[in-house]
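Residue numbers (the working numbering), protein chains in the order written: chain A, 505 to 1009; chain B, 505 to 1009. Ideal Cβ placement from N, Cα and C applies to all residues, glycine included. Computed from a predicted model, the values in this text were never measured in an experiment. All remarks here apply to the structure that follows.
2 protein chains.
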Amino acid sequence: MSQQLQAKLEQFLDLNKKIKSYNEAIGLLHWDMSTGAPRKGIDTRSETIGMLSSEAFKLQTSEEMKDLISFLKQENEFAALSDVHQRLINDCKKELDRTQSVPAEKVREFSVLTAQAQAKWEVAKEKADFASFEPYLSRIVAMQSEFIDYYGVKDTRYDTLLDMYEPDLTVEKLDEVFSRLKARIVPLQEAISQSVHKPDTSFLKQSFDIKQQSEFSKYILKEMGYDFEAGRLDESVHPFAMGLNPGDVRITTHYYDTDVASAIFSSLHEGGHALYEQNIDSNLAGTLLAEGTSMGIHESQSRLWENMIGRSRAFWEHYYPILRSYFPNQLENISLDQFYEAINKVESSLIRIEADELTYNLHIIIRYEIEKMLFNEQLDVKDLPQVWNEKYKQYLGVTPPDDGAGLLQDVHWSGGDFGYFASYSLGNMYAAQIMNTLAKELPEYENYIKEGKLAPLKEWLTDKVYQYGKSRKPSELIVAITGEELNPDYLANYLENKYKEIYKL
Amino acid sequence: MSQQLQAKLEQFLDLNKKIKSYNEAIGLLHWDMSTGAPRKGIDTRSETIGMLSSEAFKLQTSEEMKDLISFLKQENEFAALSDVHQRLINDCKKELDRTQSVPAEKVREFSVLTAQAQAKWEVAKEKADFASFEPYLSRIVAMQSEFIDYYGVKDTRYDTLLDMYEPDLTVEKLDEVFSRLKARIVPLQEAISQSVHKPDTSFLKQSFDIKQQSEFSKYILKEMGYDFEAGRLDESVHPFAMGLNPGDVRITTHYYDTDVASAIFSSLHEGGHALYEQNIDSNLAGTLLAEGTSMGIHESQSRLWENMIGRSRAFWEHYYPILRSYFPNQLENISLDQFYEAINKVESSLIRIEADELTYNLHIIIRYEIEKMLFNEQLDVKDLPQVWNEKYKQYLGVTPPDDGAGLLQDVHWSGGDFGYFASYSLGNMYAAQIMNTLAKELPEYENYIKEGKLAPLKEWLTDKVYQYGKSRKPSELIVAITGEELNPDYLANYLENKYKEIYKL
């Protein structure tokens, strides 16, 4: 490598590090707001976050960044770089191109619009008043559509949006994947709803001491290999995981004193996200590759731990007696089977975030189909409630009493986040596909889980997924691990096997 | 005001706000490191703090800042500005002049030196090995002396250092003040040490549940008017107060399970600092004037609440029965008088931070005299141990067994902070002088305290001290409140009255 190239590369890496430093500060300011910052400091705090975000954005789109990238992308120079550095440069270039393609005043206009829309959405949801939100949502869809033209239309207009969250994922692929998944889980869900077997979940809703819940969450996180010397567990209204730096990956949960399951499964979920970020190869530290490679792969790791491990019978064979020792009075008459069935109860419902792991995918497919109609088929925003309600009736057999429990339930669209929802189901499908390979390569894995030995699973996942961070694309990663591209059959197989047994179908 | 002036002023205020935003982020990153950030994230975290600090410094010394200040300082323009804006500009100019006067490479050299020296100091203190620290301290004194030349020598060389912490304070003034104080408290301390009356403090050292201690600290903070919606109480190794923004002024304390007094008085102390910052006039928000006006005035507010209110008999007449209800087993046989005397026990000792409110001032006077010798009388650093030990013998009648319990006990000098120590005693003297005026203007104040009505005191202090933030100099403030400049007699009077009664002299 020439001396000039070396110098330019170092300058580029320093710039990366500086952006990461801004992101760490911004992350901590957000974390703090969610975990106990005093109410009266919030306004000034928000301005501080705004200032730092704008500084980070300036660096990402600075002349220095542009010059460095165009130097490093020269054929001879680029060829002399390592694979990781090439990917980092490509990533920054992709981001830069996207940002530069939209006029700055449009970006500002969109950020003002979405800020207003989120405030309007909150009230509209509360009052179940779609009419008051509709003009904002129409404007957001129109602007997002303009942005698609600026970014460049991929196979279809909606493809451009999907690619922002899951690089290289296409409508063609998702249509096929979701239709195969739908074909198997809709009948499964119908069979379950007709089954006379109805697990009793009432005992999950007794009074459970929050201090004990918190101790159990910490215990379970330690068991799965979450490193408390490189993270911490706090409480917030909505649970989240946040990687501030490789040695500081925090998670939050939320405790309900009348619900023992919620905090356990949100700890497992966020713990899965955190294991990913805690175990990224240290060579990537300080670069923008030291994060999850896509929303879908990130979600696969949270759902793998929450559902495929955390809601398995093997897991509770070991951990249920321990949970019972935390809550002897509440659980003394509840058997392992009763507990296992209760935490796996399937029920069609109206609200995505409360859905079980089977019907959850139907909530996502509905949103995917609607978003595709909005951007590829000119569905009018004002017709959304009708389409929404029809699809809920068709796929889940339920109809929202009003739009508050219908299409106003999610925050995403008010922020312009179209193309994001698919990630949640991608996570489920990736997770099942990865677990299928894990089962082959680690044939003893169920026995490990039954013995409370989770370390071999974490190590396998580190080896296959975690260590690479963003240095491999999701499509490359899934092929490298499982030998084939995204395949929904693994999720369908997993769900059928599990629920036919539980519901005696 | 001309349109141009208006525009320049706004630009200047925006720059101020941006610097404040950086400071808020840096503050939170520090707060987080002291209150529970995971160990493995510390290295990256420190780099992040370094990056943000350097960005804030760049703004403070930017060409933009220089141009704005020189525009705004033009005679005609300056005259058209409000008093607050004039002071803000003067403050920024003073800081800028100081920074610009020292060559950048000297600043870097000094910051490397002090970073190394602090690491050396820690080990040297631990091992009571002055010889290993001496070369670093000599170099720090030499460089600080060079800086004095760059900054400009005031009346004496040491005056230049004092002015950095307490604007306009002089050696001439402090010599007079400390000699008058010494003349009265040295005999008082001697009389006490010869008194046969020795308060029993052993009951303060029983086992005290930390959860209960924390509840009591929160209760006391609420009583003094600390606003928990604009702050929070956490635990750290060394207690501190930190104003992140006007609506977010945090404090920490430290709980010992074998000591009930430590956390109470550190909560009162940090609570006093916090009341100051929570009650600065909102017109100053977002400017560099929204902080305490000097170290000495800040310390006066912590000590006024910790000692003059918090260690008064009136205070515990109301609060001791309440404290006893938190710890019925430990305190049931302890009377109010016993408790009052125990928390006011005077004893000559070797360690400043463990000293009582009387002898504390002697620890400070010793440090003041030694610093003055270092900078004004060419005292050689290698002679420090001998001078230190002689002065401890002379003023406090004790001799350190080694330098670890002697001149190595404090961190300040390893960081180059000469001129800072005086602030602690200034705080005591300002506090007594302010309390003397409060007693005249609020003659019922002792009855208020006895009834647990602390709000009128907080309101009076807000009116006289807090609201002004840094918009009045300490010397102006003390004259405006009390009608005279700093006068040590009020502290001497207060200490004599209080301790003659306790020690039956």
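Selected residue, minimal CA-CA separation from Thr512/A, among Thr941/A, Ser574/A, Met939/A and Asp884/A: In the sequence under discussion, the amino acid at residue 512/A is Lys, which differs from the Thr named in the question. Comparing Cα-Cα distances from Lys512/A to each of Thr941/A, Ser574/A, Met939/A and Asp884/A, the minimum goes to Ser574/A.
At least 3 beta-carbon pairs within less than 8 Å: the stretch 662 to 675 of chain A vs the stretch 875 to 887 of chain A: yes
Presumed contact (8 Å Cβ cut-off) between Leu946/B and Trp964/B, rounded CB distance: 6 Å
Closest residue to Ala936/A among Ser975/A, Lys1002/A and Pro904/A (Cα-Cα distance): Lys1002/A
Counterpart residues of Ala745/B in DSSP-defined beta bridges: Ile755/B
Contact set for Met939/A: own chain, Cβ-Cβ below 8 Å, skip 5 residues either direction: Leu808, Met812, Tyr994 and Tyr998
Test item: CB-CB of His822/B and Ile953/B under 8 Å: yes
CA nearest to the CA of Phe516/B, picked from Ser557/B, Ile546/B, Leu585/B and Pro825/B: Leu585/B
Three-state secondary structure assigned by DSSP to Asp587/A: helix
Within chain A, partners of Leu556/B - CB distance below 9 Å: Ser525, Tyr526, Ala529 and Leu556
Given Trp820/A as reference, the closest of Glu514/A, Ile768/A and Gly545/A once Cα atoms are compared: Ile768/A
Bridge partner(s) assigned by DSSP for Leu678/A: Beta-bridge pairing links Leu678/A to no other residue.
Beta-ladder partner(s) of Leu737/B, from DSSP: Ile755/B
Alpha-carbon to alpha-carbon, Leu866/A and Ser853/A: 10 Å
Among Lys944/B, Gly956/B and Phe637/B, the one whose alpha carbon lies nearest that of Gly987/B: Lys944/B
Under 9 Å from the C-beta of Ala734/B: neighbouring residues of chain A: Pro542, Arg543, Lys544 and Gly545
Chain A contact for Glu551/B (CB, 8 Å cutoff): yes
N-terminal and C-terminal residue of the alpha helix (DSSP H) that Asn520/A is part of: Gln507 to Thr539
Opening and closing residue of the alpha helix (DSSP H) in which Trp917/B lies: Counting along the chain, Trp917/B falls outside any alpha helix (DSSP H), and DSSP gives it neither H nor E.
For Asn783/B and Ala623/A, the rounded distance between their alpha carbons: 31 Å
Of the residues Asn951/A, Gly908/A and Tyr924/A, the one placed nearest Glu630/A, counting alpha carbons only: Gly908/A
Proximity below 8 Å, CB of Ser718/B to CB of Tyr759/B: yes
C-beta atoms of Ile696/A and Tyr896/A nearer than 8 Å: no
Close Cβ partners of Gly729/B (< 7 Å) along its chain, the five nearest in sequence each way excluded: Leu779, Leu958, Ala959 and Lys962
Per-residue burial, Met933/A [other beta carbons within 10 Å of its own, 16 or more giving buried]: buried
Contacts that Ala749/A makes with chain B (C-beta to C-beta distance below 8 Å): It is Asn, not Ala, that sits at residue 749/A in the sequence shown. Ordered by position in chain B, the residues that pass the 8 Å Cβ test against Asn749/A are Gly545, Thr548, Arg549 and Thr552.
Neighbourhood of Lys524/B by C-beta distance below 8 Å, restricted to the same chain and skipping five residues each side: Asn749, Gly790, Thr791, Leu792 and Ala794
First through last residue of the alpha helix (DSSP H) which encompasses Glu861/A: Per DSSP, Glu861/A belongs to no alpha helix (DSSP H) and is neither H nor E.
N- and C-terminal bounds of the alpha helix (DSSP H) containing Asp763/A: Here Asp763/A belongs to no alpha helix (DSSP H), and DSSP marks it neither H nor E.
Residue-level contact to chain B via CB, Lys522/A, 8 Å cutoff: yes
Cβ of Leu592/A within 8 Å of any chain B Cβ: no
CB contact below 8 Å: Asp536/A versus chain C: No chain C is present in this structure, whose protein chains are A and B.
Simplified DSSP state of Tyr1007/A, which is helix, strand or coil: coil
Val616/B in three-state terms, based on DSSP: helix
Span separating the alpha-carbon of Ala926/B from that of Glu694/B: 23 Å
Chain-ordered chain A contacts of Asp713/B [CB-CB under 9 Å]: By Cβ distance, chain A contributes nothing, its closest Cβ being about 15 Å from Asp713/B, past 9 Å.
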